[in-house]
Amino acid sequence: MEYRLFAQVTRALMEAAKLPADDLKGRMDALDWNRRVWSVLGADCQQTGNGLPRELRASIISLSIWVGKHTSLVIRQQEEIEPLIEINRMIMQGLSGASEAAAA
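If you want it as structure tokens, here you go:
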């Protein structure tokens, strides 16, 4: 389920990256969606009942904060979308590996 969500939001970011940087309206939906996904992940990792290892939760929280800041810079046309896409792709690779390990 998480993999599919990341695939969808990453695809939206890739489409948004094809638009001119000053087409903020066209890019905003994907940027906002990605920021909301990461915000929810970060908030979930702050919950005491979260079963993920402490270090992994801390890493996800840090990434969530970074995504929020970087997204703001993209909106202000001070950064590119591509790093957001790359972070999501790395997470997808990790989720894919975790799925394969669980199936084995």
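Numbering (the UniProt record's numbering), first residue to last: 1 to 104. Every residue gets a Cβ at the ideal spot worked out from N, C-alpha and C, and that includes glycine. Note that the structure is predicted; figures quoted are calculated from it, not measured.
Proximal residues to residue i (C-beta, below 8 Å), its chain only, five neighbours per side dropped
i, result
"Leu95", "Glu2, Tyr3, Phe6"
Test item: CB-CB of residue i and residue j under 8 Å
i, j, result
"Gln46", "Ile61", "yes"
"Ile81", "Val67", "no"
"Met14", "Ile91", "no"
"Ala12", "Trp33", "yes"
"Ile75", "Leu24", "yes"
Spatial neighbours of residue i in its chain, beta-carbon cut-off 6 Å, leaving aside the 5 residues before and after
i, result
"Val37", "Val9"
"Val40", "none"
"Gly42", "Ile61, Ser64"
"Gly26", "Leu19"
Rounded Cβ spacing between residue i and residue j (contact assumed at less than 8 Å)
i, j, result
"Ala21", "Ala30", "No, Ala21 and Ala30 are not in contact; Cβ-Cβ is about 13 Å, not under 8 Å."
"Pro53", "His70", "With 8 Å as the limit, Pro53 and His70 do not qualify as a contact, their Cβ atoms being about 25 Å apart."
DSSP state of residue i mapped onto helix, strand, coil
i, result
"Asn50", "coil"
"Glu80", "coil"
"Asp22", "coil"
"Met90", "helix"
"Met14", "helix"
Same chain, Cβ closer than 7 Å to residue i, five either side skipped, listed in chain order
i, result
"Asn50", "Asp44, Arg57"
"Arg35", "Val67, Gly68, Thr71"
"Gln78", "none"
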